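Below is one structure; the comments refer to it alone.
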Ligand SMILES: NC(=O)c1ccc[n+]([C@@H]2O[C@H](COP(=O)([O-])OP(=O)(O)OC[C@H]3O[C@@H](n4cnc5c(N)ncnc54)[C@H](O)[C@@H]3O)[C@@H](O)[C@H]2O)c1
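In this note's numbering, the protein residues as written are 1297 to 1731.
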């Protein structure tokens, strides 16, 4: 395949060498003539293990070249990979000026090209950038997206210091596109790598790098806060985190990674508070850990706001405990929501087959008596009755029986906090909390 790469910095230089090594003819483009000269003399533009050797070998094999001439690069390639910088502005926003300048450059060059061209953005960009890029290319070239050219997002996951190793061993190959043929062609460039190829929506691919890197920063900061607490207590933080990582069911696993409603119950809020107070008593600042319950409270406020839009309607809650299959009401976020909505004068009924007020005992009973003392007057024993009598149905727990109850409802609003079942997501009367 003939490939052009715009931007011969870190990502561009590594891609140039590695794609050529994999048998492609690659032409690099940069506005900086000295980088172009370096490549044309067989030298890497960056200091990075193995890149020098790869560039020198591929240059002598005649597989790579470089230019400042956009038109030459576009004419001589079927796919253009965009790897220009996307730094932060002074205010912390993403500076996309280099990306949009390349869009203009490619738009001008495409005026002189008659064959289909694929643009793959490798730089880290915000959701919506590919659409803006394509609009600039259309405006300047006079060509039509998906008729004359296509755009895909193909974020780069390599890390400096291990860039070549990461290039050949990526965690996955991600391609976002509205053009499956273009996505498949770009995927073909990476199919020999030992990584799953995922083709998805453009905006999903665009946002992924931000989510990954934010999570990586969170992991480091969380581990550092744990380390600071442990070392103050004379506990070996590395032994602690090694054991933490051995739990592949709840800790290092997809478990809990589902956007949705707030956490609750008798353990998470209590033990989080316990660790916070421990750190506080040791005079250790733990802002990441401190922020967790604030985020959880915000999720409860978000849910209240979502339901309160229907304040003058009859509200029916399916599920009250903090998760399905239990009658534990302690720290159930749904109890907080209902308490707040009752305080605002809302008309509410609740169905939860696990809750029998007369059977509640101990701290569970004390908790609910202190929050919703007249709970028994709000409970109904027949879910059908709740559905028939209410205008808004709020699903709080993932009880399998709920799907049958709501799947055929079209004349009432369904508010879902648990993503009950994908089959109801597309209903026009359906509202998810954050999907
Ligand atoms: N560096 C990394 O480890 C890394 C890893 C993954 C993703 N990324 C992302 O990849 C992108 C590129 O990062 P980088 O570190 O390689 O950037 P860089 O700053 O090292 O290189 C960018 C290059 O683009 C060139 N350029 C600017 N405008 C141009 C234009 N109109 N035409 C041609 N060339 C132009 C610059 O002269 C420069 O050589 C960024 O979005 C970055 O966030 C970087």
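Idealized CB from N, CA, C, for every residue including glycine.
Quick caveat: nothing in here was measured; it's all calculated off a predicted structure.
- Of the heavy atoms belonging to ligand 1, at least one sits nearer than 7 Å to the Cβ of residue 1305.
- Contact between residue 1446 and residue 1494 fails: their C-beta atoms lie close to 18 Å from each other, not under 8 Å.
- Secondary structure at residue 1658: helix, using DSSP grouped into helix, strand and coil.
- Here residue 1332 carries a helix assignment [DSSP, helix/strand/coil].
- For residue 1446, the uninterrupted beta strand (DSSP E) run begins and ends at 1445 to 1449, by DSSP.
- Less than 8 Å divides the Cβ of residue 1360 from the Cβ of residue 1324.
- The closest CA to that of residue 1678, considering only 1668, 1704 and 1651, is found on 1651.
- With contacts defined as CB atoms closer than 8 Å, residue 1448 and residue 1478 qualify as a contacting pair.
- Taking a contact to require three or more Cβ pairs closer than 8 Å, the stretch 1544 to 1556 and the stretch 1612 to 1631 do not qualify as touching.
- DSSP places residue 1578 in the coil class of the three-state scheme, outside both helix and strand.
- Of 1688, 1298, 1643 and 1399, the smallest CA-CA separation from residue 1671 is found for 1643.
- Less than 8 Å divides the Cβ of residue 1314 from the Cβ of residue 1463.
- Under the DSSP definition of a beta bridge, residue 1321 partners with 1298.
- Burial is judged here by how many other beta carbons sit within 10 angstroms of a residue's own beta carbon; residue 1648 has at least 16 and is buried.
- Listed in chain order, the beta strand (DSSP E) elements of length 3 or more contained wholly in the stretch 1550 to 1607 amount to none.
- Pairing residue 1501 with residue 1517, the inter-Cα distance amounts to about 25 Å.
- Annotated three-state conformation of residue 1361 is strand, per DSSP.
- Residue 1620 is positioned such that its CB atom lies no closer than 8 Å to that of residue 1595.
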